[in-house]
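Input: a single structure, listed below in structure tokens.
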Amino acid sequence: MAAAGRLVQALLLAAAVLCVPAEPTCQPVRSSFQALQPGAKWVPESPVAGSDLQVCIPKGLTCCSRKMEEKYQAMARLNMEQLLQSASMELKFLIIQNAAVFQEAFEIVVRHARNYTNTMFKNHYQNMATRAFKFVGELFTDVSLYILGSDINVNDMINEFFDSLFPLIYPHLMNPGSPHPSVEANECLRGARRDLKVFGNFPKIMMTQVSKSLQATRVFLQALNLGIEVINTTDHLKFSKDCGRALLKMWYCSHCQGLLMAKPCAGYCSAVMQGCLASVVEIDNYWREYIRSLEGLTKGMHGIYDMEHVLLNLFSLIRDSIVYLQKNGGKLATTISKLCGHSQQRQYRSVHYPEDLFVDKKVQKVAHEETLSNFLYICSSLPLTLLLTLPSLWYRYSQQAARNSVKTQAGNHELKMKGPEPLISQIIDKLKHINQVGHWKWKGGSALSLDFCPQSLLAPPASAVSLGYRNETELMVDLAGSLGIELGPSRVKHSSLYTLS
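Residues -22 to -1, 1 to 479 (mature numbering (1 follows the signal peptide of the UniProt record, and there is no 0)) are what the sequence shown spells out, left to right.
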């Protein structure tokens, strides 16, 4: 009996011990925090009051300290920045790749054009070819610098070329084998060149063709570089204090309560993202117009003022200008002699131009058809490719841009909205400028008439169904296939801004 009684007492004592609640611990939070941010010393051993917390304010006890809250907020900002960079990575690479291909293509064209011109001088003006090479090189260097954005006037570069060429050519035409003119005579001949129009109207024709062909090329390269700048700006967007606090609440405040696997509800997540990215969405309309302008610019680089056609045929204009001088040299001799003090009688000699100087344009086109062929395909497909590869962060989110902009986010209870960030405003101004330049129309005479942004491009896009597709996804897949673009599941799947799992 006594033994049985002691057994019962022991069992009752054990039950009492087991029924005592275990002391709360923050060990799971400690392990999770240390995986994100080394520094377990900031995690309390057991829940505390958390009176010093500013964002993750608890209703009871918490496993977070003020230092943890700061670290969590830094992690939340970093998460957001990485999401932005990941979303725009493909788009950024596409633009950088096209800018590099485009620059390489025009450099090849410029190099061929320079070689054509040097060959013309070498084959038919051997006595002065070496000196002419210097002026030819300077001309095409200026062409390259202009395309790259240097503050060079096209008319000035061409005037400088012909000003330098005339003192070299004129003595050789009038008196082959004569010594080079003195410095004074050289300057006099340079000045007389424009006044007497010794090369006829060819310098002016060359100015028109080069100016028209290079302007579209220059603007297109500037537009591509601006696209990279836009992406870099949004990739490194400085989020507001309110955004940082909202991101902290959305991603990490639940950790303070030990709810490590809890995920934010879709509505709350959407509100936070819309608030944080409202200023980015302000760019959307200007970005879409920018894409349309790229398409217009590519169309503007074809036709009579196609850069490749113009530059590869400059040697012909230069040759024709020399022939003009050759034919009219006798008439000019007396006037130039009076102006520049060259009283000695000069013998005027004609220069023979063999038939092989006149390059077969068909052969020329075949020889260089590979120069820009890949580039032209990429450029013509670039606008559509950009639209198809717009990161989900912009593409899906910006579908509701009208109600998600800074102004319309004023009622967002999760964030206090302010005006657009200064950097965003600067980007918008730059996009406005490049889009205005993309709407150029050349007027008057025989100048090029181009509308870089046709009204058909500004019209609302047709729906997928009206084009014979079952839905937008099918249309995107078909368009991507025609361009050789491989779309992964994430690219064609309709989803919310982010799927947090």
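C-beta: ideal position from N, C-alpha, C; glycine also.
Inclusion of Lys227 and Cys4 in the CB contact set at 8 Å is not warranted, their separation being larger than that value. Under the three-state reduction of DSSP, Val33 is assigned to coil, being neither helix nor strand.
Contact between Ile314 and Ala77 does not hold, since the beta-carbon distance rounds to 48 Å and is not under 8 Å. Distances from the CA of Ile209 to each of Met184, Asp284, Cys243, Ile405 were compared; the closest alpha carbon is that of Ile405.
The beta-bridge partner set that DSSP reports for Thr40 consists of Val26. The continuous alpha helix (DSSP H) containing Gln252 extends over residues 244 to 254. Contact check for Asn96 and Val114: beta-carbon distance about 6 Å, within the 8 Å limit, so the pair qualifies.
Here Phe198 has Leu275 as same chain residues with Cβ atoms under 6 Å from its own Cβ, once five neighbours each way along the sequence are excluded.
C-alpha of Leu238 to C-alpha of Ser128: approximately 56 Å in a straight line. The residue among Leu272, Gly236, Gln252, Lys408 with its C-alpha nearest the C-alpha of Phe11 is Gly236. In this structure, Ile206 places its C-beta atom within 8 Å of the C-beta atom of Ile74. Here the alpha carbons of His411 and Ala13 stand approximately 47 Å from one another.
Annotated three-state conformation of Asp284 is coil, per DSSP. Excluding sequence positions up to five before and after Val26, its CB lies within less than 7 Å of the CB of Leu39, Thr40, all in the same chain and listed in chain order. Counting every other CB atom within 10 Å of its CB across the protein chains shown gives Phe118 a total of 16 or more, marking it as buried.
When the beta-carbon positions are compared, Lys219 and Glu399 stay at least 8 Å from each other.
Distance from the CA of Ala249 to the CA of Pro2, rounded to the nearest whole angstrom, comes to 34 Å. Looking at the backbone, the Cα of Glu116 and that of Met58 are separated by about 49 Å. One thing to note: Gly222 has its Cβ no nearer than 8 Å to the Cβ of Gln60. Val258 is a Cβ neighbour of Thr212, given a cutoff of 8 Å. In the DSSP assignment, His150 falls within the unbroken alpha helix (DSSP H) covering 132 to 152. DSSP places Ser232 in no alpha helix (DSSP H); its state is neither H nor E.
By the CB criterion at 8 Å, Tyr148 and Phe293 fall outside the cutoff. In this structure Tyr302 is in contact with Phe180, their Cβ atoms being roughly 6 Å apart against a cut-off of 8 Å.
The criterion of a C-beta distance shorter than 8 Å is not satisfied by Val87 and Ile136. With a beta-carbon spacing of about 6 Å, Gly253 and Ala224 fall inside the 8 Å limit used to define contacts. For Lys410, the enclosing alpha helix (DSSP H) stretches over residues 400 to 415.
Sequence-distant Cβ neighbours of Asn413 in its own chain, meaning closer than 7 Å and more than five residues away, are Tyr264, Glu267, Tyr268, Ser271. Shown here, Gln15 sits in coil according to DSSP, grouped into three states, outside any helix or strand.
In the DSSP annotation of this structure, the continuous segment of the alpha helix (DSSP H) that includes Thr195 starts and ends at 180 to 213. Between the C-alpha atoms of Ser403 and Arg55 there is a straight-line separation of about 22 Å.
Between Arg172 and Leu146, the gap from beta carbon to beta carbon reaches 8 Å or more. Under a 10 Å Cβ-count criterion, Gln104 is classified as exposed, with fewer than 16 other Cβ atoms of the shown protein chains found around its own Cβ. A residue is called buried when at least 16 other Cβ atoms come within 10 angstroms of its Cβ; Cys243 does not meet this threshold and is exposed. DSSP places Gly308 in the helix class (H, G or I) of the three-state scheme.
Remark: C-beta atoms of Glu47 and Gln32 approach each other more closely than 8 Å.
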